[in-house]
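Notes for the one structure printed next.
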Amino acid sequence: MPAHTRNLRDKYCVVGVGETEYSRNSGRTTRAMAVEAIRKAMLDAGLRGRDVDGMMSYQNNDSTPANWVAADLGIRLNFYMDVLGGGSSTEALIGLAMGAIEAGMCQTIAVFRSMNGYTEFRIGGTGVRAASPVRGQDLAQRPFGMTSAGQNFALTFMRHMYEYGTTSEQVAHVKAAHSKHASQNPKALLKDRVTVDDVLKSRWIVKPLHLLDCCVETDNATCVIVTSAERARDLRQRPIRVLGVAGRVNKPRTDFHWAHGPITRVAGYYAKDIVFGQAGISPEDVDVTGSYDAFTFTTMLQLEEYGFCKKGEGGHYVSSGIIELGGKRPNNTSGGHLCEGYTHGMSMVIENVRQLRGTVDDYCPRAADGVHTYDYAPGRCRQIKDAETSMNLGWAIPATGSALIMRR
Amino acid sequence: MPQPVQYRGMTLLVPDNDSEWKEYFAHARQHRLVMRKCTACGLMRYPPTHGCPWCMDLGWTWQEVSGRGTIYSYETVVHAIQPGFKELTPYAVVLVELDEQRGQPTSDEALRMVANLVKPDGSPEAESNVAIGKRVRVVFTDLADHLSLPQFMLNDEPATGRVWRLED
């Protein structure tokens, strides 16, 4: 039985987006960064303090709660909630925001994530995180030197290479493509273009992951504002409608997902029918994707699991040129987590909103006037021509995922 | 209350009220690898969860298993995150599929465990010897009176199925 309904399709919109600088030395608190990102998103939408009455965030005890942040912007909240969660929370919280508004709990919600992911709580698991005591379920992995995200995912990637013949060279194309995109993005932390060979020659972290297969830990805050389509009509930006949302969707046995195979299957397998079912479209209808590129491999796994190619053919798909600017369906046109900066999933939604509006910040000579040339040569454009439909593929662990389809 | 165990810079906590792991590690200290076996449907499970993942029953007993299995996947940690593991690099983390209950209750399911692949002296197995498909057996690293870590070492028997490792 389908788990989806189309009751809310087109009824809710993303109306504002904003972010701080992506850096490795923010020199300030998560509260200060959150305030800046939310304020930018409010100004982007044309909203004032009294217009926003809901706030949600996700974190891992590494951030500032919504009710502290709201006060700095003169916002009195009718609804707020900070959830424990990392990757794949973005899309899910946009869905929850729609639900809270639909339930009449509030009218307009700012969803944010703020983290000093490099200078305070290292997302890679070093420092404070590595030193915490090991108990309960952690006893099944951490005593064996398996604690970081890369270490937690590498067994999946290695098994995919064994089952399907996927190669390091194929997935290195993801980094090469995203670096090309980042080079056209003034905000990106890593703007240098890298080649497949650069990835393969970078040092090993945890095989099969090289250094350049891994994303870049970053200090930043990000915000997405959700409201009803009715309210969106009066706001500053072209509303971007939500067609479908799923998450956080789990595989069976998520306590220890290795127990339920095939381990090369990721949560998108379960999420795709929900999100495509709500939207009433298929992968062929999507113009631009935003994958959770914590690693090159995760992009490959998500794209194949959501049906952009057959299962097992992800390596071919990501190395075919399709995912590059100028290709049939570009992925992570901002450079994503691999190059723009690691945001726990938020920045890929922000980028897709701007793609659908037709307002990405690139180096086209007249970009400031909203004129894009669609010339993807180095130092030029990254706006996609006539992008109508986007899809975001959220990911946390291989067994957890979220997804979001938006249309202009 | 058992004392916390220091191991490679980590503090391992298995308190008296750890209703999942305490007895598991006590059995491991006696060099027995045990799984929880559901008294209703008879299926074993790992990790030692409170309820049965297949029938929701809360009744269980400890069932000893042979400790023999096959490497289902692996990774080689070259850049260690935990400081206490830096001296071991490169070390292998293996996902071992135990011989018991393979492909049950569905073809994709099995009793699988994460561990290190070690030599008889407990040091990491040479990287060139680690491969999917190789046969292994459990060995125990004693850490305290109440706690041993189950680890795996290569077993001298023919591999099952295709043997594969990442090219150097």
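Protein sequences, first through last, are from chains L and A.
Residue numbering for the first sequence follows the working numbering, starting at 292 and increasing by one per position.
Residue numbering for the second sequence follows the working numbering, starting at 1035 and increasing by one per position.
C-beta: ideal position from N, C-alpha, C; glycine also.
{"Query": "Contiguous beta strand (DSSP E) assignments of at least 3 residues, all confined to the region 1063-1114 of chain A", "Result": "1068-1072, 1094-1098, 1102-1111"}
{"Query": "Beta-carbon contacts of L/Cys655 that lie in its chain and below 8 Å, excluding the five residues immediately before and after", "Result": "Val662, His663, Thr664, Asp666, Arg671, Cys672, Gln674"}
{"Query": "Buried versus exposed call for A/Gly1165 [16 or more other C-beta atoms within 10 Å across all chains shown]", "Result": "In the sequence on display, residue 1165 of chain A carries Ala and not Gly. Its Cβ being crowded by 16 or more others within 10 Å, A/Ala1165 is buried."}
{"Query": "L/Gln398 beta carbon less than 7 Å from that of L/Asp344", "Result": "yes"}
{"Query": "Rounded straight-line distance, which links the Cα of A/Asp1190 to that of L/Gly702", "Result": "Summary: the structure shown does not reach residue 702 of chain L, with chain L confined to residues 292 through 699, and so no result is reported for it."}
{"Query": "Sub-7 Å separation of L/Asp504 and L/Asn407 beta-carbons", "Result": "no"}
{"Query": "For A/Trp975: DSSP bridge partner residues", "Result": "Absent from the structure is residue 975 of chain A, since the part of chain A shown begins at 1035 and ends at 1202."}
{"Query": "Rounded distance between the beta-carbons of L/Ala336 and L/Asp528, thought under 8 Å", "Result": "Inspection of the sequence shows that residue 528 of chain L is occupied by Gln rather than by Asp. The pair is a contact, with the Cβ atoms about 6 Å apart (cut-off 8 Å)."}
{"Query": "Straight-line gap, A/Glu1143 to A/Arg1196 (C-alpha atoms, nearest Å)", "Result": "19 Å"}
{"Query": "Which listed residue (L/Leu481, L/Gln461, L/Arg556, L/Arg426) has its alpha carbon closest to that of L/Arg450", "Result": "L/Arg556"}
{"Query": "7 Å Cβ cutoff, L/Gly606 in contact with chain A", "Result": "no"}
{"Query": "Chain-ordered chain A contacts of L/Gln461 [CB-CB under 8 Å]", "Result": "Under the 8 Å cutoff, chain A gives no residues; its nearest Cβ is about 14 Å from L/Gln461."}
{"Query": "The beta strand (DSSP E) enclosing L/Arg645, as first and last residue numbers", "Result": "Segment 637-648 is the alpha helix (DSSP H) holding L/Arg645; no beta strand (DSSP E) there."}
{"Query": "Sequence-distant residues of the same chain with beta carbon closer than 7 Å to L/Asn541, five excluded per side", "Result": "Ala558, Ala690, Thr691"}
{"Query": "Contact list for the region 476-496 of chain L against chain A, Cβ threshold 8 Å", "Result": "Arg494, Trp495, Ile496"}
{"Query": "Chain-order list of residues whose beta-carbon lies under 8 Å from that of A/Val1170 (same chain, five-residue window excluded)", "Result": "Arg1102, Gly1103, Thr1104, Ile1105, Val1128, Val1130, Leu1151, Phe1186, Met1187, Leu1188, Asn1189"}
{"Query": "DSSP-derived helix/strand/coil call for L/Arg270", "Result": "Nothing can be reported for residue 270 of chain L, as the shown portion of chain L is limited to 292 through 699."}
{"Query": "Chain-order list of residues whose beta-carbon lies under 7 Å from that of A/Gly1156 (same chain, five-residue window excluded)", "Result": "Thr1175"}
{"Query": "Of the residues A/Ser1162, A/Met1069, A/His1113, the one placed nearest L/Ala417, counting alpha carbons only", "Result": "First, the amino acid is wrong: residue 417 of chain L is Thr here, not Ala. Looking at the Cα atoms, A/His1113 is the closest of the given residues."}
{"Query": "Backbone secondary structure at L/Asp310 - three-state DSSP", "Result": "The sequence shown places Glu at residue 310 of chain L, rather than the Asp named in the question. If DSSP states are grouped into helix, strand and coil, L/Glu310 belongs with the strands."}
{"Query": "DSSP-derived helix/strand/coil call for L/Met406", "Result": "strand"}
{"Query": "For L/Leu446, three-class secondary structure by DSSP", "Result": "helix"}
{"Query": "Identified DSSP bridge partners for L/Gln569", "Result": "Per DSSP, none; premise fails for L/Gln569."}
{"Query": "Cβ neighbours of L/Gly376 in the same chain (closer than 6 Å, five flanking residues each side left out)", "Result": "Tyr349"}
{"Query": "Within 7 Å, strictly: CB atoms of L/Ile618 and L/Asp584", "Result": "For the sequence presented, residue 618 of chain L should be read as Gly rather than Ile. Result no, Cβ atoms of L/Gly618 and L/Asp584 do not sit closer than 7 Å."}
{"Query": "Proximal residues to A/Pro1192 (C-beta, below 8 Å), its chain only, five neighbours per side dropped", "Result": "Arg1169"}
{"Query": "Residue burial classification, L/Ala546 (beta-carbon count within 10 angstroms, cutoff 16)", "Result": "Note on residue identity: the sequence assigns Asp, not Ala, to residue 546 of chain L. Exposed: under 16 other Cβ atoms inside 10 Å."}
{"Query": "CA nearest to the CA of L/Thr518, picked from L/Ile329, L/Gly415, L/Trp359, L/Ala388", "Result": "L/Ala388"}
{"Query": "Through-space distance from L/Leu629 to L/Arg300, alpha-carbon basis", "Result": "31 Å"}
{"Query": "Check whether L/Val487 and L/Ile385 have beta carbons under 7 Å apart", "Result": "no"}
{"Query": "Min CB distance A/Val1068 to chain L below 7 Å", "Result": "no"}
{"Query": "Sequence-distant residues of its chain with Cβ nearer than 6 Å to A/Thr1110 (five each side left out)", "Result": "Pro1124, Ala1126, Glu1161"}
{"Query": "A/Met1044 - DSSP class collapsed to helix/strand/coil", "Result": "strand"}
{"Query": "Cutoff 7 Å: L/Lys466 Cβ touching any chain A Cβ", "Result": "no"}
{"Query": "Terminal residues of the alpha helix (DSSP H) in which L/Tyr608 lies", "Result": "605-609"}
{"Query": "Inter-residue Cα distance where the pair is L/Met292 and L/Glu679", "Result": "Low confidence applies here, because L/Met292 scores a pLDDT of 41, under 50, leaving its location unreliable; read the following figure in that light. Cα-Cα distance, rounded: 30 Å."}
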